Amino acid sequence: MSNKDLADAIFPNITMTIKYYENKYKKRNLPDGCYVTRFAPSPTGYMHLGGLYQAIINYIIAKKSGGIFYLRTEDTDKARQIDGAVELIIKTLNAYGLNPDEYEYDGKVVGEYGPYVQSERKEIYQTFIKYLIEIGRAYPCFCTKQELDEMRENQEIIKVRTGYHGRFARCSRMSIEEAIEKIKNKEPYVIRFRSNGNFENKFEFDDLRQGKLFLNENDIDEVIMKSETMLPTYHFAHVVDDYLMGTTHVVRGEEWLSSAPKHIQMFEAFGFKPPKYIHTPLIMKKDGDSLRKISKRKDPEASITYYDEAGYPKIAVIESLMTIINSNYEEWHTANPDKKFTDFEFSAKKMSTSGALYDLMKLDDISKNIISKMTKEELYIESLNWADKYSESLKKLILKDEDYYKNIINIEREQEKPRKDIAKYSDIENLIWYMYDDIYRSKEKQYDWKNITDKDEIKNILSTYINKYIDLSDKDIWFNNIKIMCDELGYASNMKEYKKNPENYKGNVADISTVLRVALTSKSMTPDLFEIMKLLGEDSIKERYNNLFK
RNA sequence: GGCCGGUUGGUGAAGUGGCUUAACACAUCACCCUCUCAAGGUGACAUUCACGGGUCCGAAUCCCGUACCGGUCACCA
């Protein structure tokens with residue numbers, strides 16, 4: 065009995081060879097220096113901020129080099145899979161402008177290296193595993209979960225490194241006959257890789273972010289195929305897929321670094337050249353006094369849907385992540401305002417050395433800048449698209465009179481230094497509701513009076529204004545009228561004069577303006593009053609002033 | 001516990017032996033501008049780079065030790 069017999073007993077139906085697949089998936093015909101990268105999420109739920117972060121890096125290094133960025137679905141864990149997760153990932157990627165060149169979705173395969181869904185590549189993995197068994201580098205293991213648990217407990221007691229290695233790797237010494245017998249008896253088993261490493265030995269591992277590292281060789285006989293589904297584990301699928309798909313650079317989270325020795329060893333077992341690795345820091349979250357990996361379960365801001373629902377422009381989210389990826393991104397972007405984030409010269413070495421806290425304040429700042437630079441047409445379209453999905457009330461407002469809406473959002477907009485008060489589309493409604501008469505009438509309002517609070521004085525100011533001074537034909541005339549009114553009512557029309565001798569006046573032009581503003585909008589903080597008045601129109605202003613104390 | 005990495009302001013960080021009196025950006029605060037707010041302008045904000053020791057004419061930068069933080073040690077990825 066030979067290893068060949070064992071391999072046949074396990075995979076009687078696998079007739080292909082590695083050569084066949086190597087022929088089928090030809091080496092990519094790309095010029096030197098092109099990066100082939102992938103985003104390889106497992107469809108276990110919603111798209112995660114960390115996932116987007118990985119995807120961005122993969123995308124920019126591939127695009128910048130003229131290479132390929134592809135999407136691979138890692139669905140080997142059927143228990144954790146969630147319906148619709150793949151769709152969400154693809155849609156998110158596309159929405160954020162990170163379109164993969166190759167992917168598989170909804171029965172459609174784009175690219176020469178598919179299937180791009182791991183569960184559909186079962187035969188490929190099994191072919192590779194079969195080969196490993198034939199050459200004696202893999203074997204079936206019949207240890208039960210319970211036996212493994214006991215073994216680990218034992219190892220802890222006698223203070224040995226835990227894991228299936230060395231003398232603890234019982235099934236590695238099982239005779240071929242016995243193994244075949246057990247398989248015939250339908251005993252459950254997994255396939256393990258037979259490691260030839262020595263944990264005491266170090267080898268040099270070159271991580272493109274961390275630089276040269278000296279890691280211990282792996283001596284654990286890792287599970288490479290699961291028993292029930294006969295699908296590979298991550299470790300094995302990574303080796304086979306990234307080899308066959310021609311991945312040149314694997315960008316993945318730092319949590320993978322410690323299993324890199326296993327991967328390297330498997331590549332070597334096949335005689336394949338491993339890809340280059342970039343292990344990235346994790347995005348962290350402050351939890352009390354300590355830090356932890358940002359978590360989808362505990363942190364709403366870990367899910368990309370959080371940003372979509374709040375209405376952040378996609379590019380703002382990307383740029384905020386870029387500042388974490390390489391902190392010189394912002395400086396570069398300021399110097400090259402017309403370039404896209406994909407033009408940025410990403411440097412793995414410049415990535416932070418430890419996990420970064422994601423700063424929502426920073427996101428707001430980036431987002432405000434981006435939104436302030438939009439034209440009114442752009443903002444109109446973006447905000448309507450957002451409202452269509454997430455806000456019935458804003459949508460109604462916009463559609464009531466689209467031109468009116470555009471005029472409102474255009475206040476202090478299309479100019480050299482535009483107003484920056486919108487960080488996300490969900491802010492808009494709260495900033496503009498008072499521009500609509502019907503809402504203004506029905507809404508419960510708190511008037512935010514400042515210096516002048518006396519009812520009769522306010523009435524007096526308002527009636528004087530609408531009877532004698534209201535003129536919306538031109539901003540200078542408008543403001544000049546307010547100043548004249550100040551003089552008439554005993555308020556300082558000139559702020560400098562007022563500051564010199566405040567006791568000579570009842571107040572100043574700012575106080576008067578504030579009364580006009582609050583009486584009109586209920587708010588003491590609004591954009592340019594003249595613009596607001598002009599848009600509202602005389603009738604509306606008069607109505608609001610007249611009805612104020614009724 | 002073993003192994004691997006890390007530790008520069010509230011945050012992201014620049015920095016690789018003298019150019020650093022520690023860049024830039026966010027946040028915060030003050031002032032200016034100003035009809036309010038936002039914006040914009042000016043300035044403040046780490047006498048110090050986790051701590052201790054060492055090398056050196058000179059250290060955030062190199063070495064050693066300690067502490068703390070993170071990752072990993074699954075038939076999860």
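In our numbering, the protein residues as written are 65 to 614. Even glycine gets a Cβ: it sits at the ideal position worked out from N, Cα and C. Fair warning: this is a prediction, and the values are worked out from it, not measured in the lab.
Where the beta strand (DSSP E) through residue i begins and ends
i      : result
Met438 : Unbroken run through Met438: none, as it is neither H nor E.
Lys350 : 347 to 351
Ala233 : Where Ala233 is concerned, there is no enclosing beta strand (DSSP E), given that its DSSP letter is neither H nor E.
Leu135 : 132 to 135
Tyr167 : 167 to 169
Val173 : 172 to 174
Val315 : 313 to 317
Buried or exposed (CB count within 10 angstroms, at least 16 for buried), residue i
i      : result
Pro164 : buried
Glu480 : exposed
Val100 : buried
Met330 : buried
Met425 : exposed
Gln182 : buried
Thr578 : buried
Gly419 : buried
Lys362 : exposed
Asn474 : buried
Met549 : buried
Pro377 : buried
CA-to-CA distance, residue j to residue i, given in whole angstroms
i      : j      : result
Val303 : Ile389 : 26 Å
Arg144 : Leu113 : 19 Å
Gly317 : Ile222 : 33 Å
Leu135 : Arg102 : 6 Å
Tyr533 : Tyr562 : 22 Å
Ile342 : Lys514 : 57 Å
Tyr371 : Ser416 : 24 Å
Glu86  : Glu168 : 20 Å
Gly230 : Lys350 : 40 Å
Ala451 : Glu441 : 15 Å
Lys484 : Asn433 : 7 Å
Lys464 : Trp497 : 13 Å
Asp491 : Asp603 : 28 Å
Asn524 : Glu456 : 40 Å
Leu443 : Ile435 : 7 Å
Proximal residues to residue i (C-beta, below 7 Å), its chain only, five neighbours per side dropped
i      : result
Thr439 : Glu478
Phe192 : Ile82, Val304
Leu580 : Tyr529, Leu593
Leu277 : Phe269, Asp271
Pro591 : Ile475, Glu476, Arg483
Neighbourhood of residue i by C-beta distance below 8 Å, restricted to the same chain and skipping five residues each side
i      : result
Lys91  : Gly310
Thr312 : Cys98, Tyr99, Val100, Thr101, Gly131, Pro339, Lys340
Ile430 : Ala380, Glu383, Ser384, Thr387
Lys414 : Asn390, Ser391, Asn392
Ser359 : Lys349, Ala366
Residues near residue i in its chain [Cβ-Cβ closer than 6 Å; skip 5 each side]
i      : result
Ser586 : Lys509, Tyr511
Ile530 : Lys606, Tyr609
Leu427 : Ser384
Phe300 : Ile288
Tyr189 : Pro296, Val304
Tyr454 : Glu373
Arg201 : Arg258, Ala333
Span of the alpha helix (DSSP H) around residue i
i      : result
Ile188 : 186 to 198
Ile473 : 466 to 473
Arg92  : Careful: Arg92 lies outside any alpha helix (DSSP H) and carries neither H nor E.
Val303 : 298 to 308
Lys606 : 602 to 610
Leu152 : 149 to 159
Taking only runs of the beta strand (DSSP E) that begin and end inside the segment 324 to 412, which ones reach a length of at least 3 residues, in chain order? 340 to 344, 347 to 351, 354 to 357
Can you check the segment 496 to 577 for any alpha helix (DSSP H) of at least 4 residues that lies completely inside it and give the ranges in chain order? 501 to 506, 519 to 528, 539 to 553, 559 to 564
4-residue-minimum alpha helix (DSSP H) runs that sit fully inside the segment 219 to 292, ordered along the chain: 240 to 248
Which runs of the beta strand (DSSP E) fall wholly inside the segment 72 to 112 and span at least 3 residues, in chain order? 100 to 103
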